[in-house]
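In what follows, a structure is listed as structure tokens, so that the remarks can point back to it.
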Amino acid sequence: METYLNFIVIQTEPIGAIIMKMITEKIADSMSHPLEDASHNSHQQDREETPSCQSKEISGIANRDPIEPLLLPIHELEKSVWLKDVCSSCMGCISVCPAGTLAYDHERNRPHQITSCVDCKACLDVCPRIPANNQNISSQILGPYISIKNAKSKIDSIRSQNGGVATALLTAALDEELVDCALVMGQDPWSQRSYPRVVYDAKELKKCAGNKYTSNAILEPLKDLIKCTKNIALVGTPCSVHAMGLMRRSSNEFAERVAQKVRFVIGLFCFEAYDESVIADISKIIGEPAWRFDGMNIGDGKMTIKLRDGGFRTIPLQHLAEDVKTGCKACADFTAKLSDISIGRMGSASGMSTVIVRTSEGMGLFDIAEDMGLLEVTDGVNVEAIERASRLKLTKNGIILSDIFGGRHQYVRSKSER
Ligand code: SF4
Ligand code: SF4
Ligand code: SF4
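Under the working numbering, the first residue of the sequence shown is numbered 9, with each subsequent residue one higher.
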């Protein structure tokens with residue numbers, strides 16, 4: 009009954025439709041048929057491969073009592089995350105799901121179910137928006153760290169808001185064969201849409217340098233990537249890093265098998281990200297097509313767009329407020345506390361980055377990059393400035409620090425409630 013009451017509180021459709029949907033889902037689950045038409049998602053292949061995947065890899069889960077009420081983990085995700093509009097779009101759940109149950113719905117900015125759930129609970133273990141997953145995360149505003157430095161890349165022609173430090177670290181990891189590949193965000197220069205890109209050669213990293221503000225889905229390719237690689241380095245926003253950190257802490261076999269392939273997790277400071285609609289809105293405001301953009305940069309309360317002809321246009325961020333991802337409004341982490349190394353502009357002079365080294369693995373990679381002559385490193389980080397920005401994010405999002413780390417979120421209102 010409690011479950012149904014929860015649905016009544018948060019549902020945005022007529023209750024009759026919700027109950028019918030739940031019944032239909034349960035029947036469909038028991039028949040092992042897909043619940044939703046997957047024709048508009050990009051994971052058709054996952055769906056087709058699912059039966060063999062289940063029979064080979066998941067034993068015992070199918071022996072469920074047929075009359076046992078079905079409140080599957082996927083329903084918990086739906087109730088606690090998706091219907092509350094707090095999904096960060098990190099795709100952590102998709103990356104660990106062994107049955108191909110989930111695919112990303114770009115219309116609704118969150119995963120949805122495309123085939124049967126086998127109740128392994130991996131998705132619940134790694135979701136950064138499940139309140140229980142925020143327990144045991146450091147309550148220090150910057151999170152734990154070993155060292156905090158100013159740094160910038162010594163590699164030529166790196167265009168990056170973050171002093172090129174992430175590129176320098178990945179160059180060290182690839183050149184020294186510490187990892188097989190790096191997972192970074194690339195960008196389509198025509199549409200300006202960003203997408204996860206796997207890089208095997210450090211020379212390719214230059215093409216991926218620069219800021220991306222329209223996607224944080226770095227974990228999406230992990231599910232396939234772990235099948236053909238031993239060690240991966242990835243660069244992600246705090247929500248993706250949070251999911252990775254939870255994966256590393258999880259004892260769920262499906263979460264573990266992904267986590268053990270990720271050797272380095274590099275986090276980027278993040279205040280908020282935008283839906284893809286922001287590109288069209290920027291184009292409209294500045295009167296230039298997306299293909300003429302040559303870089304975007306956020307700072308001092310405005311978005312600056314560099315154009316291919318060398319010109320610049322600026323837009324106050326409040327003009328783009330409607331495009332901020334809904335899930336970002338429930339985000340508490342500015343500095344990616346569960347990374348090995350966090351990087352951001354805040355706290356450093358122009359052209360430099362703040363580098364927060366958090367783990368011994370991160371320290372090792374940072375030292376190697378410095379020893380290889382890839383980094384210029386100095387002291388003097390303005391830690392107070394980073395703490396101020398971290399608190400501002402908490403205040404802006406209406407989240408009280410003690411609530412988060414006490415396991416209780418103060419959620420934002422959903423779009424339908426506004
Ligand atoms: S990860 Fe496991 S519990 Fe979650 S949706 Fe996939 S099969 Fe279901
Ligand atoms: S926050 Fe991430 S892990 Fe949680 S439901 Fe959304 S995409 Fe999945
Ligand atoms: S604000 Fe940044 S870290 Fe938080 S959910 Fe949005 S993209 Fe992820």
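Here a beta-carbon is modelled for each residue, glycine too, at the ideal position from N, C-alpha and C.
Where the beta carbon is closer than 7 Å to any heavy atom of ligand 1, which residues qualify, in chain order? Those residues placing their Cβ nearer than 7 Å to any heavy atom of ligand 1 are, following chain order, L80, P81, I82, C101, V104, C105, P106, A107, T109, L110, C125, V126, D127, C128, K129, A130, C131, L132 and F262.
May I ask you to check if the CB of L223 is nearer than 7 Å to at least one heavy atom of ligand 2? Indexing the sequence shown from 1 puts residue 223 at position 215. The sequence given here has Ser at residue 223, not Leu. No, the beta carbon of S223 sits no closer than 7 Å to any heavy atom of ligand 2.
With distances taken between CB atoms, is the gap from A130 to P106 smaller than 8 Å? Stepping through the sequence shown from its first residue, residue 130 is reached at position 122. Stepping through the sequence shown from its first residue, residue 106 is reached at position 98. Taking 8 Å as the Cβ cut-off, A130 and P106 qualify as a contacting pair.
Between which two residues does the alpha helix (DSSP H) harbouring M255 extend? As a working note, residue 255 is residue 247 in the sequence shown. Note, M255: alpha helix (DSSP H), P246 to R257.
Quick one: Cα of T237 to Cα of K269, how far? Within the sequence shown, the letter at position 229 stands for residue 237. Within the sequence shown, the letter at position 261 stands for residue 269. Whole-angstrom Cα-Cα distance: 7 Å.
Could you tell me the distance, in whole angstroms, from the CA atom of S96 to the CA atom of A241? Mapped onto the sequence shown, residue 96 falls at position 88. Mapped onto the sequence shown, residue 241 falls at position 233. Spanning the two alpha carbons is a distance of roughly 21 Å.
How about I351 and S361: do their beta carbons lie closer than 8 Å? For the purposes of this step, residue 351 is taken as residue 343 along the sequence shown, with counting starting at 1. For the purposes of this step, residue 361 is taken as residue 353 along the sequence shown, with counting starting at 1. In this structure, I351 places its C-beta atom within 8 Å of the C-beta atom of S361.
Given the structure, does E384 come close to ligand 3, in the sense that its CB is under 7 Å from one of the ligand's heavy atoms? Sequence index remark: in the sequence shown, residue 384 carries index 376 (1-based). Because no heavy atom of ligand 3 lies under 7 Å away, the Cβ of E384 does not count as near it: no.
Less than 7 Å between the CB of R257 and some heavy atom of ligand 2, yes or no? Residue 257 sits at position 249 when you count from the first residue of the sequence shown. Distances taken from the Cβ of R257 to the heavy atoms of ligand 2 include none shorter than 7 Å.
Out of curiosity, what's the CA-to-CA distance linking L186 and I293? The residue labelled residue 186 in the question sits at position 178 within the sequence shown. The residue labelled residue 293 in the question sits at position 285 within the sequence shown. Distance between the alpha carbons of L186 and I293: 45 Å.
I'd like the list of long-range same chain contacts for D188, defined as Cβ closer than 8 Å, with 5 residues on each side in sequence excluded. Taking the sequence shown and counting its residues from 1, the one referred to as residue 188 is at position 180. Here the set comprises Y208, T237, K238, N239 and I240.
For the beta strand (DSSP E) containing F272, list its first residue and its last residue. Position 264 of the sequence shown, counted from the start, is the residue given in the question as residue 272. Here the beta strand (DSSP E) through F272 covers V270 to L276.
Exposure label - L13; buried when at least 16 CB within 10 Å: Within the sequence shown, residue 13 is the residue found at index 5, counting from 1. In this prediction, L13 has a pLDDT of 30, which is less than 50 and means its spatial position is unreliable; what the coordinates show is noted afterwards. Looking at its Cβ environment, which holds fewer than 16 other Cβ atoms inside 10 Å, L13 is exposed.
Along the chain, which unbroken stretches of the beta strand (DSSP E) at least 3 residues long are found entirely within the stretch 314–355? 320–324 and 349–352
Let me know if A329 comes out buried or exposed under the rule of 16 or more other beta-carbons within 10 Å of its beta-carbon. Here residue 329 refers to the residue found at position 321 when the sequence shown is read from its first residue. By the neighbour-count definition (other C-beta atoms within 10 Å, threshold 16), A329 is an exposed residue.
Just tell me which of I313, D183 and E261 has its CA closest to the CA of G295. Residue numbering aside, residue 295 sits at position 287 when the sequence shown is read from its first letter. Nearest option by C-alpha distance: I313.
If you follow the beta strand (DSSP E) that M304 is part of, which residue opens it and which one closes it? Residue mapping note: residue 304 aligns to position 296 of the sequence shown, counting from 1. First-last of the beta strand (DSSP E) with M304: F301 to G307.
If you measure from the CB of M99, is any heavy atom of ligand 2 nearer than 7 Å? Sequence index remark: in the sequence shown, residue 99 carries index 91 (1-based). A heavy atom of ligand 2 is found nearer than 7 Å to the CB of M99.
Going by alpha carbons, who is nearest to K220 out of F272, R366 and Q195? Taking the first residue of the sequence shown as position 1, residue 220 is located at position 212. Checked all of F272, R366 and Q195; the closest Cα to K220 is Q195.
Neighbourhood of I1 by C-beta distance below 7 Å, restricted to the same chain and skipping five residues each side: For residue 1 there is no data in the structure shown, the boundaries of the chain being 9 and 426.
Pairwise C-alpha distance: S103 and I234: Residue numbering aside, residue 234 sits at position 226 when the sequence shown is read from its first letter. Residue numbering aside, residue 103 sits at position 95 when the sequence shown is read from its first letter. Taken atom to atom, the span from the alpha-carbon of I234 to that of S103 is near 10 Å.
Starting from the Cα of K211, find the closest Cα among V365, A176 and C336 and give me that residue. Mapped onto the sequence shown, residue 211 falls at position 203. Taking the Cα of K211 as reference, the smallest distance to any Cα among V365, A176 and C336 is reached at A176.
Cβ of L276 versus every heavy atom of ligand 2: is any distance shorter than 7 Å? Here the question's residue 276 lines up with position 268 in the sequence shown. It does not: the Cβ of L276 is nowhere closer than 7 Å to a heavy atom of ligand 2.
Straight-line gap, K404 to K215 (C-alpha atoms, nearest Å): Mapped onto the sequence shown, residue 404 falls at position 396. Mapped onto the sequence shown, residue 215 falls at position 207. Their Cα atoms are separated by approximately 34 Å.
Are F262 and C135 closer than 8 Å when you measure CB to CB? The residue you call residue 262 lines up with position 254 of the sequence shown. The residue you call residue 135 lines up with position 127 of the sequence shown. Not a contact, by the Cβ cut-off of 8 Å.
If you draw a straight line from the alpha carbon of L178 to that of L79, how long is it in whole angstroms? Counted from its first residue, the sequence shown places residue 178 at position 170. Counted from its first residue, the sequence shown places residue 79 at position 71. Their Cα atoms are separated by approximately 42 Å.
Can you list, in chain order, the residues of its chain whose CB lies under 7 Å from that of L382, leaving out five sequence neighbours each side? Here the question's residue 382 lines up with position 374 in the sequence shown. Taken in chain order, the residues that qualify are S161, K162, I163, A176, T179 and A180.
Secondary structure at L382, three-state DSSP: helix, strand or coil? Taking the first residue of the sequence shown as position 1, residue 382 is located at position 374. Note: L382 maps to coil in three-state DSSP.
Tell me, please, which residues DSSP counts as bridged to V243. On the sequence shown, residue 243 is found 235 positions in, with the first residue counted as 1. Looking at the DSSP assignment, V243 forms a beta bridge with I274.
Among all the DSSP beta bridges, which residues are the ones paired with T362? If you number the sequence shown from 1, residue 362 lands on position 354. Per DSSP, N158 and G352.
Nearest to T387 by CA position, among M311, G372 and A159, is which residue? In the sequence shown, counting from the first residue as 1, residue 387 sits at position 379. Looking at the sequence itself, residue 387 is Asp, so the reference to Thr does not match. Among M311, G372 and A159, the Cα nearest to that of D387 is on A159.
For the alpha helix (DSSP H) holding V391, just list the boundary residues, first then last. Residue mapping note: residue 391 aligns to position 383 of the sequence shown, counting from 1. Per DSSP, V391 is one residue of the alpha helix (DSSP H) stretching across V391 to K404.
Report yes or no: do the stretch 274–292 and the stretch 330–340 share at least 3 C-beta pairs separated by less than 8 Å? yes
Which residue marks the beginning of the alpha helix (DSSP H) containing L132, and which one marks its end? Taking the first residue of the sequence shown as position 1, residue 132 is located at position 124. Segment A130 to V134, the alpha helix (DSSP H) holding L132.
Euclidean distance between Cα positions of G335 and A357: Position 327 of the sequence shown, counted from the start, is the residue given in the question as residue 335. Position 349 of the sequence shown, counted from the start, is the residue given in the question as residue 357. Spanning the two alpha carbons is a distance of roughly 30 Å.
What beta strand (DSSP E) runs, 3 residues minimum, are completely inside the stretch 167–225? 189–195 and 202–207
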